[in-house]
Amino acid sequence: MKIPYGKQNISNGDIEAVVAVLKSDYLTQGPGVAKFEAEICKKVKSRNAITTNSATSALHIACLAIGVKIKDIVWTSPISFVASANCAIYCGAEVDFVDIDTNTGLMSMSKLRVKLLKAHKDKKLPKVVIPVHLAGTCCDMEELKRLSNIYGFKIIEDASHAIGGKYKDSIIGSCKYSDMCVFSLHPVKIITAGEGGILTTNLDGNAEKARLLRSHGIEKRPDKFKLERDGEWKYEQQILGYNYRMTDIHAALGNSQLSRLESFVERRNKIYEKYWEKTMKMPLRLLEIPEGVYSSVHLVIIRLETIDSNYHKKVFSKLREKGIGVQLHYSPIHLQPYYRDKGFKEGDFIESEVYGKNALSLPVYPDLKEEEQEYIINTLNNIL
Ligand SMILES: *Cc1c(COP(=O)(O)O)cnc(C)c1O
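With my numbering as the guide, the letters of the sequence shown map in order to residues -18 to 365.
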């Protein structure tokens, strides 16, 4: 048996949608991207959606659109993919981290409150905080928003895992409690475009800026030109941007997948519930989903009851030997060599470091079969 930890689901409809673009006049910068963006807005109830070639690009231009620049400070969680922190470094900002809550693996609001108090005294408050909805489970956004009103920082949600999720009365991506929100469309995520990202925001100015940044800083609408138009051929580069565009091929796949979002997320929740029931008596804990949160269950993460990294490694390799593609999401960012070079070290964020020594992601994806999940559960039980 060979079971990966995550896997895309591709339907005939997806294939037909992509082929239709290949047979059309535009492979990129055609009508497909705008159509996909309009569907995203409808689905997550945001005023604007800007697609990009990856969530990493989307995080980068989100930081720039919000005005992150050299010497600004940006905070995120150590338990995330490195892109959550790197996006701020791209802008010349300094990155710092807020440790996690042990039960959820999400940024701890009590630790954030303590860190903000100190930063306020030291006059080193962050310009932006990037909460990460680890495993598709939304952070405590109400509290984060309250703190942002007090301390004046902006919020970019790294919701790379969380499309299809909900928080209290809001859909993730609606930005009810944030300035901007980012989704990833990498094949292991909830829905895919091959590669791709989406930025949503209700702030029209930020959306406008992000659109410019996505495409070289080039403005093509004559009524927005700064200089006088001197012919039909003119466009203007107004700021320094990038080529972070999504192609129409990718957009067609993403849009076709979007119609199955709810069913994917329902299936993932079913799988989570079964893992929860069947592992109850084992020496481990699943990451909790707080009340009021509907998780997209991008990942099912267990925490072993020990903090013995040798035992952790052993469980890991035994599961791998049995064909079960477990993963660690994530090794703490601050202990990556690049971040150690910036001065971070062991002991800086204890809860995250413990997490790195006993967390493990079990396979979860819509096509995971009942008997495969049984096999995973039984194998895990035997090993532990
Ligand atoms: C996958 C991921 C990203 C980056 O997404 P890409 O689309 O691969 O660039 C960023 N943050 C988190 C938390 C992720 O899981």
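Beta carbons: idealized from backbone N, C-alpha and C, even for Gly.
Every unbroken alpha helix (DSSP H) inside the segment -16 to 39 [4 residues or more]: For the segment -16 to 39, whole alpha helix (DSSP H) runs of length 4 or above, ordered along the chain, are -7 to 3 and 12 to 25.
C-beta atoms of I171 and V246 nearer than 8 Å: Position 190 of the sequence shown, counting from 1, holds the residue named residue 171. Position 265 of the sequence shown, counting from 1, holds the residue named residue 246. Contact flag set, yes.
Beta-carbon proximity of I81 to E332, cut-off 8 Å: Position 100 of the sequence shown holds residue 81. Position 351 of the sequence shown holds residue 332. With respect to E332, I81 sits close: the two C-beta atoms are nearer than 8 Å.
Cβ contact check for the segment 226 to 241 and the segment -15 to -5: 3 or more pairs under 8 Å: Taking 8 Å as the limit for Cβ pairs, the verdict is that the segment -15 to -5 does touch the segment 226 to 241.
Straight-line gap, N363 to K147 (C-alpha atoms, nearest Å): As a working note, residue 363 is residue 382 in the sequence shown. As a working note, residue 147 is residue 166 in the sequence shown. Between N363 and K147, the C-alpha separation is close to 35 Å.
Euclidean distance between Cα positions of N402 and T287: What is shown of the chain runs -18 to 365, which leaves residue 402 out entirely.
Complete runs of the alpha helix (DSSP H) confined to the segment 44 to 89 [at least 4 residues]: Entirely contained in the segment 44 to 89, the alpha helix (DSSP H) runs reaching 4 residues are, in chain order, 64 to 71.
Beta-carbon gap between L343 and M263 smaller than 8 Å: Residue mapping note: residue 343 aligns to position 362 of the sequence shown, counting from 1. Residue mapping note: residue 263 aligns to position 282 of the sequence shown, counting from 1. The answer is no: Cβ separation not under 8 Å.
H231 beta carbon near ligand 1 (any heavy atom closer than 7 Å): As a position in the sequence shown, residue 231 is number 250, starting the count at 1. No.
Residue of G145, D204, K135 and M90 minimising C-alpha distance to Y216: Along the sequence shown, read from residue 1 onward, the residue named residue 216 stands at position 235. For the residues G145, D204, K135 and M90, the minimum Cα distance to Y216 belongs to D204.
C-beta contact flag for S129 and K135 at 8 Å: Taking the first residue of the sequence shown as position 1, residue 129 is located at position 148. Taking the first residue of the sequence shown as position 1, residue 135 is located at position 154. It is a contact, given that the beta carbons lie within the stated cut-off.
heavy atom of ligand 1 below 7 Å from V113 C-beta: For the purposes of this step, residue 113 is identified with residue 132 of the sequence shown, where counting begins at 1. Correct: V113 has its Cβ closer than 7 Å to ligand 1.
Cβ-Cβ distance between I137 and D160 below 8 Å: If you number the sequence shown from 1, residue 137 lands on position 156. If you number the sequence shown from 1, residue 160 lands on position 179. Cβ distance < 8 Å, so I137 and D160 count as in contact.
Supposed close pair P313, G337 - CB separation, criterion 8 Å: To locate residue 313, count along the sequence shown from 1; it is residue 332. To locate residue 337, count along the sequence shown from 1; it is residue 356. Confirmed, Cβ separation roughly 5 Å.
For E209 and K126, the rounded distance between their alpha carbons: Indexing the sequence shown from 1 puts residue 126 at position 145. Indexing the sequence shown from 1 puts residue 209 at position 228. Taking the CA atoms as reference points, K126 sits about 42 Å from E209.
Chain-ordered list of residues that sit, by beta carbon, closer than 6 Å to a heavy atom of ligand 1: Look at which beta carbons fall closer than 6 Å to any heavy atom of ligand 1; those residues are S35, A36, T37, S61, F62, A64, S65, V113, D139, S141, H142, S165, H167 and G178.
Alpha-carbon spacing of P12 relative to L194, whole angstroms: One-based indexing of the sequence shown puts residue 12 at position 31. One-based indexing of the sequence shown puts residue 194 at position 213. Per the coordinates, the alpha-carbon of P12 lies some 20 Å from the alpha-carbon of L194.
Rounded C-alpha distance that separates I(-9) from H114: By one-based count along the sequence shown, residue -9 stands at place 10. By one-based count along the sequence shown, residue 114 stands at place 133. About 25 Å.
Collapsed DSSP secondary structure at D229 in the structure displayed: Residue numbering aside, residue 229 sits at position 248 when the sequence shown is read from its first letter. Three-state DSSP puts D229 in a helix.
Coarse secondary structure for M261, derived from DSSP in three states: Your numbering for residue 261 matches position 280 in the sequence shown. M261 falls in the coil class under three-state DSSP.
Environment of N224 [buried if 16+ CB atoms lie within 10 Å]: Walking along the sequence shown from the start, residue 224 turns up at place 243. That one is exposed.
Backbone CA spacing between S38 and Q(-11) [nearest angstrom]: Mapped onto the sequence shown, residue 38 falls at position 57. Mapped onto the sequence shown, residue -11 falls at position 8. Straight-line Cα distance between these residues: approximately 21 Å.
Whether V109 touches I47 by CB criterion (8 Å): What you label residue 109 is simply residue 128 of the sequence shown in a count that begins at 1. What you label residue 47 is simply residue 66 of the sequence shown in a count that begins at 1. Taking 8 Å as the cut-off, the beta carbon of V109 is found closer than this to the beta carbon of I47.
Proximity to Q308 [Cα-Cα], best of G273, P318 and V296: Along the sequence shown, read from residue 1 onward, the residue named residue 308 stands at position 327. With distances taken between CA atoms, Q308 lies nearest to V296 out of G273, P318 and V296.
Beta-carbon proximity list for V0, same chain, < 7 Å, skipping 5 on both sides: Here residue 0 refers to the residue found at position 19 when the sequence shown is read from its first residue. In the same chain as V0, and ignoring 5 residues on each side of it, no C-beta atom comes closer than 7 Å to its own.
Check whether T9 and R226 have beta carbons under 8 Å apart: Position 28 of the sequence shown, counting from 1, holds the residue named residue 9. Position 245 of the sequence shown, counting from 1, holds the residue named residue 226. Less than 8 Å divides the Cβ of T9 from the Cβ of R226.
Rounded straight-line distance, which links the Cα of E176 to that of S35: Mapped onto the sequence shown, residue 35 falls at position 54. Mapped onto the sequence shown, residue 176 falls at position 195. Their Cα atoms are separated by approximately 6 Å.
Cβ neighbour criterion (16 or more within 10 Å) applied to N84: The residue you call residue 84 lines up with position 103 of the sequence shown. The residue in question, N84, is exposed, as its Cβ has fewer than 16 Cβ neighbours within 10 Å.
Between the CA atoms of L349 and E355 - distance to the nearest angstrom: Reading the sequence shown from its first residue, position 374 is the one you call residue 355. Reading the sequence shown from its first residue, position 368 is the one you call residue 349. Distance between the alpha carbons of E355 and L349 is about 10 Å.
Cβ-based burial, L268 [other Cβ within 10 Å; buried from 16]: To locate residue 268, count along the sequence shown from 1; it is residue 287. When all chains shown are included, L268 counts as buried.
Proximity of T260 and I282 at Cβ, strictly below 8 Å: Residue mapping note: residue 260 aligns to position 279 of the sequence shown, counting from 1. Residue mapping note: residue 282 aligns to position 301 of the sequence shown, counting from 1. Cβ distance not < 8 Å, so T260 and I282 don't count as in contact.
Cβ-based neighbour list, D185, same chain, cut-off 7 Å, excluding 5 preceding and 5 following: For this step, residue 185 is matched to residue 204 along the sequence shown. Taking D185 as the centre and dropping the five residues before and after it, the same chain places the C-beta of R28 and N29 closer than 7 Å to its C-beta, in chain order.
Straight-line Cα distance separating V63 from R321: Your numbering for residue 321 matches position 340 in the sequence shown. Your numbering for residue 63 matches position 82 in the sequence shown. Straight-line Cα distance between these residues: approximately 13 Å.
Neighbourhood of L45 by C-beta, 7 Å cutoff - its chain only, sequence neighbours within 5 removed: Sequence index remark: in the sequence shown, residue 45 carries index 64 (1-based). Non-local beta-carbon contacts of L45 in its own chain, meaning distances under 7 Å to residues more than five positions away in sequence, involve C72 and L194 in chain order.
CB contact flag (L242, I144, <8 Å): One-based indexing of the sequence shown puts residue 242 at position 261. One-based indexing of the sequence shown puts residue 144 at position 163. Taking 8 Å as the cut-off, the Cβ atoms of L242 and I144 count as close.
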